[in-house]
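K.L.:
Residue numbers (our numbering), protein chains in the order written: chain A, 1 to 249; chain B, 1 to 277.
1. Return the CA-CA distance between residue 179/A and residue 178/B, expressed in angstroms with no decimal places.
2. Using a beta-carbon distance below 9 Å, is residue 90/B in contact with chain A?
3. Looking at residue 229/B and residue 126/B, is the spacing between their C-beta atoms short of 9 Å?
4. Determine which residues share a DSSP beta bridge with residue 150/B and list them.
5. Report the three-state DSSP secondary structure of residue 213/A (helix, strand or coil).
6. Listed in chain order, which residues of the stretch 193-217 of chain B have Cβ atoms closer than 8 Å to some Cβ of chain A?
7. Residue 59/B to residue 10/B, Cα distance in whole Å?
8. If you pair each beta-carbon of the stretch 12-27 of chain B with each one of the stretch 217-237 of chain B, do three or more pairs fall below 8 Å?
9. Residue 95/A: buried (16+ other C-beta within 10 angstroms of its C-beta) or exposed?
10. Could you pull the start and end residues of the beta strand (DSSP E) that residue 10/B belongs to?
11. If I follow the unbroken beta strand (DSSP E) through residue 25/A, where does it start and stop?
12. Any C-beta of chain B sitting closer than 9 Å to the C-beta of residue 227/A?
13. Taking C-beta pairs closer than 7 Å, name the residues in chain B that residue 91/A reaches, listed in chain order.
14. Distance cutoff 9 Å, beta carbons only. Does residue 137/B sit that close to anything in chain A?
15. Under 9 Å between C-beta atoms, does residue 162/B make it to chain A?
16. Per DSSP, which residues does residue 12/A bridge with? Please list them.
17. Below 8 Å on the Cβ atoms is my guess for residue 183/B versus residue 148/B; work out the distance and round it to an integer in Å.
18. Would residue 48/B pass as an interface residue toward chain A - the criterion being a Cβ-Cβ separation below 9 Å?
19. Can you list, in chain order, the residues of its chain with a C-beta nearer than 7 Å to that of residue 128/B? Leave out the 5 residues immediately preceding and following it.
20. Hey, which unbroken runs of the alpha helix (DSSP H) at 4 residues or more fall wholly within the stretch 116-172 of chain A?
21. Would you list the one or two residues that DSSP bridges to residue 91/A?
22. Would you mind working out which of 265/B, 206/B and 190/B sits nearest residue 231/B, comparing C-alpha positions?
23. Please state whether DSSP places residue 311/B in a helix, a strand or coil.
24. Output needed for residue 11/A: all residues of its chain with C-beta closer than 8 Å, excluding positions within five of it in sequence on either side, in chain order.
25. Assign residue 60/A to one of three DSSP states: helix, strand, or coil.
26. Where are the alpha helix (DSSP H) runs, 4 residues long or more, that stay fully inside the stretch 19-92 of chain B, in chain order?
27. Out of curiosity, what's the CA-to-CA distance linking residue 20/B and residue 44/B?
28. Could you check what DSSP says for residue 171/B in three-state terms: helix, strand or coil?
29. On the criterion of 16 or more Cβ atoms from any shown chain inside 10 Å, does residue 154/A qualify as buried, or is it exposed?
30. Nearest to residue 70/A by CA position, among 101/B, 171/B and 82/B, is which residue?
31. Determine, for residue 169/B, whether the minimum Cβ-Cβ distance to residues of chain A falls below 9 Å.
32. What distance in whole Å lies between the Cβ atoms of residue 51/A and residue 193/A, which are believed to be in contact at a cut-off of 8 Å?
33. Just reading off the alpha helix (DSSP H) that residue 123/B is part of, what are its end residues?
34. Check residue 136/B in the structure and name its three-state DSSP category.
35. Report the CB separation of residue 54/B from residue 68/B in whole angstroms; it is logged as a contact under 8 Å.
36. So which residues on chain A does residue 269/B lean against when the C-beta distance must stay under 9 Å?
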C-alpha cells in the first residue's frame with residue numbers, strides 16, 4: 001500500500017541545537033489509525049506541527065505521497081482549543097466552512113451544496129441550531145465538535161486530531177469514537193492523546209513520542225512496551241480495555 | 001435649524017464631512033480586523049512609529065503624510081516579520097518601535113529650521129483642514145480596501161481567526177498577513193488627519209466596542225462600526241464648529257458617549273428582563 005506521509009530521520013524543535021524530537025521515522029498509510037502517546041513536553045505537538053508543515057525540521061525528510069510538496073496531500077486538522085478564539089466575531093457555520101478554504105484559493109466562493117454539507121455535519125454533532133451563533137457562545141466541548149466538522153468537511157486523506165478527548169462532553173464521547181471508526185474507512189487517522197486508555201480499543205497502532213518515536217504494530221499496551229520505551233503515562237480505563245495504572249518508570 | 005445647514009456653505013465643512021465618511025469606512029473595516037485579531041497594541045505601535053516619518057519628511061521638505069506612510073508600512077511589515085522569525089517578545093518589540101518612531105520624529109522636527117506650525121494637528125488631528133487632494137487620496141484607498149475586503153473576505157477572515165489552521169489548508173497565510181498589515185498601516189496614516197496620532201486608534205476601536213454589543217458577526221460588525229463611526233464623526237464635527245474646540249477630541253468624546261449610553265441601555269434592559277422573566 002502506498003504511503004501517504006513518510007517521515008524519515010526527522011529532527012525538529014524551536015531553538016537551534018535543541019531538538020525537541022530526534023530521529024523520527026513514521027509512515028502513515030491509507031486507513032491507518034495511529035495513536036500517538038507520550039509525556040507532556042515529549043514532543044507530541046512538535047511532531048504534529050512538522051507533519052502539518054507548520055514548522056520546518058532541522059534535518060530529515062518528509063514525503064507527502066512520495067513528493068516533498070506539502071500541498072500534495074489533503075490533511076484535516078483538529079487543533080487544541082485556543083482561548084483567543086472565544087472572542088473572535090465569527091459564526092459557527094463560517095468556522096466549519098473554513099475547512100474548505102485551501103481548495104478554494106483566494107477567490108473562492110461557497111456553493112449552496114457546501115453550506116448544506118456544513119449544516120449536515122453540524123447536525124451530526126448536534127450543533128445545527130447554533131450554526132448562526134458566534135463561536136464564543138459555545139462551550140469548550142461544543143467548540144471542539146465544530147472544529148471536528150471543520151477538519152472533515154473537505155474529506156481529507158489524513159485526519160490529525162490533537163487531544164480530541166480533552167474537551168468532548170462525556171455524552172458525546174461514544175458518538176465521537178463511532179464517527180472516527182466510520183471515518184477511518186475513508187481516511188487515515190493520527191490521534192494524539194495523553195489518555196490512551198479510552199481509545200486504545202479501536203486504534204490500530206500505537207506510537208510513543210518521548211524525544212524519539214517508537215512504533216508498535218498492535219493496539220495492546222503492555223507494561224513491557226511502556227517500560228521498554230519509557231513512556232511515563234498513566235492508564236486508567238474501564239470496560240473491555242485492561243484496567244491498569246502505570247506510574248513513571 | 002437654519003444654522004446647521006448654513007455651515008454647509010463652507011467648503012471646508014463639506015470636505016470635512018466627506019473625509020469623515022471615508023474615514024468611517026476605512027476605520028470600520030480595518031478596526032474590525034484589528035480588534036478581532038487583538039492587535040490594537042501593534043496598531044498603536046505603527047501609529048506612533050509613523051511620527052518618525054512625519055519628522056523626517058518635514059526635515060527633508062517632503063509631504064509629511066508620505067513620510068508617515070513609509071514609516072507605518074515599514075513598521076507594520078517589521079512587526080509581522082519579527083513575530084514570525086525573531087526570538088523577541090512581541091510586546092517589547094512594539095514598545096521599542098513605538099518610542100523609537102516618536103524619538104526620531106521629535107529629533108527631526110527640532111533639527112528643522114523655523115517653526116513647525118502643523119505639528120499639533122498631527123498629534124491631535126484637524127479634520128477641518130482636509131483638502132480636496134487629501135480626499136482624493138482617501139477615496140482611492142477606500143475603494144481599494146473595499147474591493148479587497150469584498151473579494152478576499154473569507155481568506156482574510158479565516159487567517160485572522162486561526163492562521164495556523166488556515167495554513168494547514170494550504171492557504172498562503174503569510175502573504176495575506178503581510179498585505180493586510182500594509183493596508184492597516186495605510187488606513188491608520190490616512191486617518192491621522194482626522195484624529196491625530198494620539199487619538200486615531202479610538203476611531204478603530206470604540207465603534208467596534210459599541211457594535212459588539214449588538215453583533216458577533218465579522219461582517220455585521222464592519223457595517224455597524226462604519227455607521228457608528230460616521231455618527232460620531234459628524235456629531236463631533238458640528239460640535240467642534242459650534243464650541244470651537246479641537247475636532248479630534250470632540251469626535252472621540254462623542255464616540256465614547258455613544259458607547260456609554262448604549263452600554264448603559266443594555267444593562268438597564270438586562271435588569272428589567274431579569275425582573276420580569
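Ideal Cβ placement from N, Cα and C applies to all residues, glycine included. Note that the structure is a prediction, hence the values are computed from the model and not measured.
P.N.:
Walking through what the data contain:
1. Here residue 179/A refers to the residue found at position 179 when the first chain is read from its first residue. Here residue 178/B refers to the residue found at position 178 when the second chain is read from its first residue. C-alpha separation (whole angstroms): 39 Å.
2. To locate residue 90/B, count along the second chain from 1; it is residue 90. No, residue 90/B lies away from the interface with chain A (no Cβ there is under 9 Å from its Cβ).
3. Counting from 1 along the second chain, the entry for residue 126/B is found at position 126. Counting from 1 along the second chain, the entry for residue 229/B is found at position 229. Not in contact: residue 126/B and residue 229/B (Cβ atoms no closer than 9 Å).
4. One-based indexing of the second chain puts residue 150/B at position 150. The partner list for residue 150/B (beta bridge, DSSP) is empty, contrary to what the question assumes.
5. Against the first chain, residue 213/A aligns to sequence position 213. Three-state result, residue 213/A: strand.
6. 212, 215, 216 and 217
7. Taking the second chain and counting its residues from 1, the one referred to as residue 59/B is at position 59. Taking the second chain and counting its residues from 1, the one referred to as residue 10/B is at position 10. About 33 Å.
8. yes
9. The sequence position of residue 95/A within the first chain is 95, counting from 1. With 16 or more other Cβ atoms from the protein chains shown falling within 10 Å of its own Cβ, residue 95/A counts as buried.
10. Reading the second chain from its first residue, position 10 is the one you call residue 10/B. Segment: none, residue 10/B is in no beta strand (DSSP E) and carries neither H nor E.
11. The residue you call residue 25/A lines up with position 25 of the first chain. According to the DSSP assignment, residue 25/A belongs to the beta strand (DSSP E) that extends over 21-29.
12. Numbered from its first residue, the first chain carries residue 227/A at position 227. For residue 227/A, the predicted model reports a pLDDT of 47, less than 50, meaning its position is unreliable and no value from the coordinates is stated.
13. The residue you call residue 91/A lines up with position 91 of the first chain. Those within 7 Å of residue 91/A in chain B are 217.
14. Counted from its first residue, the second chain places residue 137/B at position 137. For residue 137/B, the answer is no, since every Cβ of chain A falls outside 9 Å of its Cβ.
15. In the second chain, the residue the question calls residue 162/B occupies position 162. Judged by the 9 Å Cβ criterion, residue 162/B is in contact with chain A.
16. Residue mapping note: residue 12/A aligns to position 12 of the first chain, counting from 1. Residue pairing by DSSP puts residue 12/A in a beta bridge opposite 21/A.
17. Within the second chain, numbered from 1, the residue matching residue 183/B stands at position 183. Within the second chain, numbered from 1, the residue matching residue 148/B stands at position 148. Residue 183/B to residue 148/B, Cβ: 7 Å. Contact.
18. Along the second chain, read from residue 1 onward, the residue named residue 48/B stands at position 48. False, the Cβ-Cβ gap to chain A never drops below 9 Å.
19. Start at 1 with the first residue of the second chain, and residue 128/B comes out as number 128. Answer for residue 128/B: 12, 16 and 247, listed in chain order.
20. 140-152
21. Stepping through the first chain from its first residue, residue 91/A is reached at position 91. As a beta-bridge residue in DSSP terms, residue 91/A pairs with 134/A.
22. What you label residue 231/B is simply residue 231 of the second chain in a count that begins at 1. The shortest C-alpha separation from residue 231/B is found at 206/B.
23. Since the displayed chain B opens at 1 and closes at 277, residue 311/B lies outside it and no answer follows.
24. Residue numbering aside, residue 11/A sits at position 11 when the first chain is read from its first letter. 19, 21, 22, 23, 24, 57, 58, 59 and 60, listed in sequence order.
25. To locate residue 60/A, count along the first chain from 1; it is residue 60. If DSSP states are grouped into helix, strand and coil, residue 60/A belongs with the strands.
26. Runs of the alpha helix (DSSP H) inside the stretch 19-92 of chain B: 40-60 and 64-84.
27. Position 20 of the second chain, counting from 1, holds the residue named residue 20/B. Position 44 of the second chain, counting from 1, holds the residue named residue 44/B. Going by the C-alpha atoms only, they are around 21 Å apart.
28. For the purposes of this step, residue 171/B is taken as residue 171 along the second chain, with counting starting at 1. DSSP, reduced to helix, strand and coil, places residue 171/B outside both helices and strands of the structure shown, so it counts as coil.
29. For the purposes of this step, residue 154/A is taken as residue 154 along the first chain, with counting starting at 1. Flag for residue 154/A reads buried.
30. Residue 70/A sits at position 70 when you count from the first residue of the first chain. For residue 70/A, the nearest C-alpha among the options comes from 171/B.
31. Counting from 1 along the second chain, the entry for residue 169/B is found at position 169. Yes - at least one Cβ of chain A is within 9 Å of the one on residue 169/B.
32. For this step, residue 193/A is matched to residue 193 along the first chain. For this step, residue 51/A is matched to residue 51 along the first chain. Contact doesn't hold; Cβ gap of about 16 Å is too wide.
33. Taking the first residue of the second chain as 1, we reach residue 123/B at position 123. Taken as a continuous stretch (DSSP letters only), the alpha helix (DSSP H) holding residue 123/B covers 119-124.
34. Within the second chain, numbered from 1, the residue matching residue 136/B stands at position 136. Of the three classes helix, strand and coil, the one that applies to residue 136/B here is helix, per DSSP.
35. Against the second chain, residue 54/B aligns to sequence position 54. Against the second chain, residue 68/B aligns to sequence position 68. With 8 Å as the limit, residue 54/B and residue 68/B qualify as a contact, their Cβ atoms being about 5 Å apart.
36. Numbered from 1 along the second chain, position 269 holds the residue referred to as residue 269/B. Chain A residues near residue 269/B: none, gap ~19 Å exceeds 9 Å.
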